[in-house]
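Keeping their order, the protein sequence lines are chains E and D.
Under my numbering, the first residue of the first sequence is numbered 748, with each subsequent residue one higher.
Under my numbering, the first residue of the second sequence is numbered 748, with each subsequent residue one higher.
Protein chains: 2
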Amino acid sequence: MPDKINRRIIFSRLMIGEPRLEDFEMIEEPLPEPGDGELLLRNLYVSIDPGSRGRLSGRDSYVPAKPLGEVMDTQSVSEVVVSRHPHYRVGEIIAGYHGWQDYAVSDGKRLFRVDPGQGPISTAIGIFGIPGLTAYVGIRKLLKIASRETVLISSAAGAVGSIAGQIAKIDGAQIVGIAGGEEKCAFSKKVYGFDHMIDYKSDGNIPLALAKACPNGIDGYFDNVGGEILNAAVANMKRFGRILICGQVAEYNLEPEQRIGLRDVSAFVGKRLDMRGFVVLDHPEYFDEARKTMATWVKTERLTCREHIVEGLENAPKAFCGLFRGENFGRGLVHVADPSNS
Amino acid sequence: MPDKINRRIIFSRLMIGEPRLEDFEMIEEPLPEPGDGELLLRNLYVSIDPGSRGRLSGRDSYVPAKPLGEVMDTQSVSEVVVSRHPHYRVGEIIAGYHGWQDYAVSDGKRLFRVDPGQGPISTAIGIFGIPGLTAYVGIRKLLKIASRETVLISSAAGAVGSIAGQIAKIDGAQIVGIAGGEEKCAFSKKVYGFDHMIDYKSDGNIPLALAKACPNGIDGYFDNVGGEILNAAVANMKRFGRILICGQVAEYNLEPEQRIGLRDVSAFVGKRLDMRGFVVLDHPEYFDEARKTMATWVKTERLTCREHIVEGLENAPKAFCGLFRGENFGRGLVHVADPSNS
């Protein structure tokens, strides 16, 4: 039986610069009561997503700006604890967007039933959730990486980047990654199969390091960070190279007038570059294919994703703040509770 | 019969910042002698192209950096004065890339026979040359402007922009232009049919002026200038908007570290923008269609292009320098000589 209290972490202060613990507040509320056609969900895992930052400055991003006082609505894996909905039974495991709280009421929309045969339930919001779908659709459907092309991936040890790299490698590309620190770089080579890794913390001159790692230039750049690394990539793109802008972690914490941006737009003419912004939710037509294909690769151990699991809902804000200092290593998740049958 | 002297304007000093007269030198050489299979051409019109600037700083652009001492090889309309080539007769009018000189020897390659029925021979390097082809292919094949879309065009009174605007208008779009000065703006509305014109010299706040002129946002931006106008356009793009980077006149004179660039790359995710660099020479498969279609429009007076003709080869450098101060108004050409049968 559920406890009588629902802990919820709300967004309590508009962010300026790097997120801080004081930008969040934990409140306690009575357990919500599901009405007819509704469900009560108990969160088991919730996600820590750098992309949330864009909504927390009071400006609209690819989703509208988030109002103060609302719960952080990241992805979640939950157990149905009460069901007044015809399609869901108590005990089922469900993925959704129920965020940083112990319990949530759902009307049954935007839910996705987790297939326990596909792996640990946390993968429903990792490889089989937004990060994995983003990597798959980005590499295969938008960048359309072909065999023997050179692909650069930033945040290569992260949730999206590590999967994107492995998919490009499966498809026959040469994969070059950028990450921060020796441990992430070594792991990415060994486990994800990156051909070259550039450590942005120790390789001082990124454009030069890229030129060495990609002597024939970059065909496709899967950009999760923006900023100086985007500029270094542009300088090393091949003619007709493609850039997919998936995230801009280096820019999220900057006010508009501080942004680094992209300096050399002339290179777009010179090299006929193409740069496209990307949100995977625009492409649901590929989700089935992506999940099925990746499930096969996971089973045959061609695809893996490291999880960075933080224990306890109360630690979600700290994990989120750490993201922007490169403290996470893998898909950022918070373990909130275990399923009742475990 | 040709004179015995060939005046040639060579590129004599690597450019830093705005082009200056001293960056060019006029030299006199004996008339070149065509060998077997060659032609002697006498230039009638030569072009003044802002895009040349990119090659004159010692850096490669979409064409390799130009070595010092070479003649400025812009587009030309010429008359065949001596032919030792089986396919060309004396007196024929030919378009090519013979640049700022009175005479040139050609091996017969990269020549294009001018159809005198299509209009004044200067149009062969205007509407029917690179500027017109760039406008046609850019609007119809790359931006793929649809009826009722809003299109923004910078350098709207210029050779490419004015044709691009008219084609988008023929295709049913709402067209908004940016140009410098009241005269260019008034002319562009009256003659080219722009629905709105923004005068960057007097409309202080371009992002605001754009927001007013495009209250529903911009679907397609045909960018000839870059810099702050590109940034203002990005701020006003609609979701899934397309940006075609055709020229970057605002950036050409700046050293790499001074460039304005594009500040808000995050907007590419937020609005799923696409930005693509474009050189029309990559798309020869559309040239026939473009020339035929535009010839019909010219005949029916749906399409026009104002020419900015400077008299005398010796004035080419001055006209080129003036381009970057917005002194030209229309397709920049130098009238070098008249055909011998005129």
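All residues carry an ideal CB built from backbone N, CA and C; glycine is no exception.
* Asked: Cα separation between D/F1015 and D/K856?
  -> 42 Å
* Answer with buried or exposed for E/M748, where buried requires no fewer than 16 other C-beta atoms within 10 angstroms of its C-beta. => Note that E/M748 scores a pLDDT of 48, beneath 50, so its modelled location is shaky and nothing firm can be said.
* **Option in D/V1012, D/I1007, D/S1013 with minimal Cα separation from E/D1011** => D/I1007
* First and last residue of the beta strand (DSSP E) that includes D/V1032? -> In the sequence under discussion, the amino acid at residue 1032 of chain D is Glu, which differs from the Val named in the question. From DSSP, D/E1032 is part of no beta strand (DSSP E); its letter is neither H nor E.
* To do: With a threshold of 16 other CB atoms inside 10 Å of the CB of E/I1055, please say whether the residue is buried or exposed.
  => Checking the sequence shown, residue 1055 of chain E turns out to be His, not Ile. Buried, since its Cβ has 16 or more Cβ neighbours within 10 Å.
* By how many angstroms is the C-alpha of E/S935 removed from the C-alpha of D/G764? -> 44 Å
* Can you list the residues of chain E that D/L977 reaches, using a CB-CB cut of under 8 Å? -> V1012
* With D/I877 as the anchor, note down where its alpha helix (DSSP H) starts and where it stops. => 877–883
* Burial state of D/Q1005, where buried means 16 or more other Cβ atoms lie within 10 Å -> exposed
* To do: Within 10 angstroms of the Cβ of E/R755, are there 16 or more other Cβ atoms? Answer buried if so, exposed if not.
  => buried
* Could you check which residue in E/S794, E/Y968, E/F1067 has the C-alpha nearest to that of E/H845? => E/S794
* Assign D/A893 to buried or exposed, taking buried as 16 or more other Cβ atoms, counted over all protein chains shown, within 10 Å of its Cβ. => exposed
* Are D/G967 and D/R989 close, meaning C-beta to C-beta below 7 Å? -> yes
* Consider the Cβ of D/M819: report whether some Cβ of chain E lies at a distance smaller than 7 Å. => no
* Asked: Taking any Cβ of chain D, which residues in the stretch 831–856 of chain E have a Cβ under 8 Å from it, in chain order?
  -> none
* Taking the alpha carbon of D/P766 as the point to measure from, which residue in D/K751, D/L791, D/S799, D/P781 has its own alpha carbon closest? -> D/S799
* Asked: In the DSSP assignment, what are the bridge partners of E/L786?
  -> E/S830, E/S853
* **Cα-Cα separation, D/P954 to D/E975** => 9 Å
* Identify whether D/F859 lies in helix, strand or coil by the three-state DSSP scheme. => strand
* Asked: Just reading off the beta strand (DSSP E) that E/K916 is part of, what are its end residues?
  -> Unbroken run through E/K916 is the alpha helix (DSSP H), 906–917; no beta strand (DSSP E).
* Asked: Do we get a CB-CB distance below 7 Å when we pair D/V1016 with the residues of chain E?
  -> yes
* Asked: Residues of chain D with CB under 9 Å from E/V1026, in chain order?
  -> V1016, G1017, R1019
* Would you give the residue range spanned by the beta strand (DSSP E) that D/E775 belongs to? => 771–777
* To do: Put E/K948 into one of helix, strand or coil per three-state DSSP.
  => coil
* Could you name the residues of the same chain whose beta carbon sits closer than 7 Å to that of E/V861, not counting the 5 residues immediately before and after it, in chain order? => V824, I840, I841, A842, I868, A871
* Between D/G782 and D/R806, what straight-line distance do the alpha-carbon atoms span, to the nearest angstrom? -> 34 Å
* Taking the alpha helix (DSSP H) that E/G1017 falls in, what are its first and last residues? -> 1013–1017
* Which whole runs of the beta strand (DSSP E) in the stretch 968–1024 of chain D are 3 residues long or more, in chain order? -> 984–992, 1021–1024
* Within 7 Å (strictly less), CB to CB, does E/M1041 reach chain D? -> no
* Asked: Pairing CB atoms from the stretch 919–928 of chain E with CB atoms from the stretch 890–906 of chain E, are three or more of them under 8 Å?
  -> yes
* **Which listed residue (E/N963, E/G973, E/G908) has its alpha carbon closest to that of E/M944** => E/G908
* Is D/R789 near the ligand NAP, with its Cβ less than 6 Å from a heavy atom? -> In terms of ligand content, the structure shown is empty, and the ligand NAP therefore cannot be addressed.
* Interfacial residues, the stretch 989–1003 of chain D to chain E, with Cβ spacing under 8 Å -> I992, C993, G994, Q995, E998, Y999, P1003
* To do: Can you tell me which of the three DSSP states D/M748 falls into?
  => Any answer about D/M748 is weak, because its pLDDT of 48 lies below 50 and its placement is not dependable; what the coordinates show is given next. Coil at D/M748, not helix or strand.
* Identify the contact partners of E/D1029 in chain D, using a Cβ-Cβ distance below 9 Å as the criterion. => F987, R1019
* Best match in E/M984, E/L788, E/K751, E/P779 for proximity to E/G964 [C-alpha to C-alpha] -> E/M984
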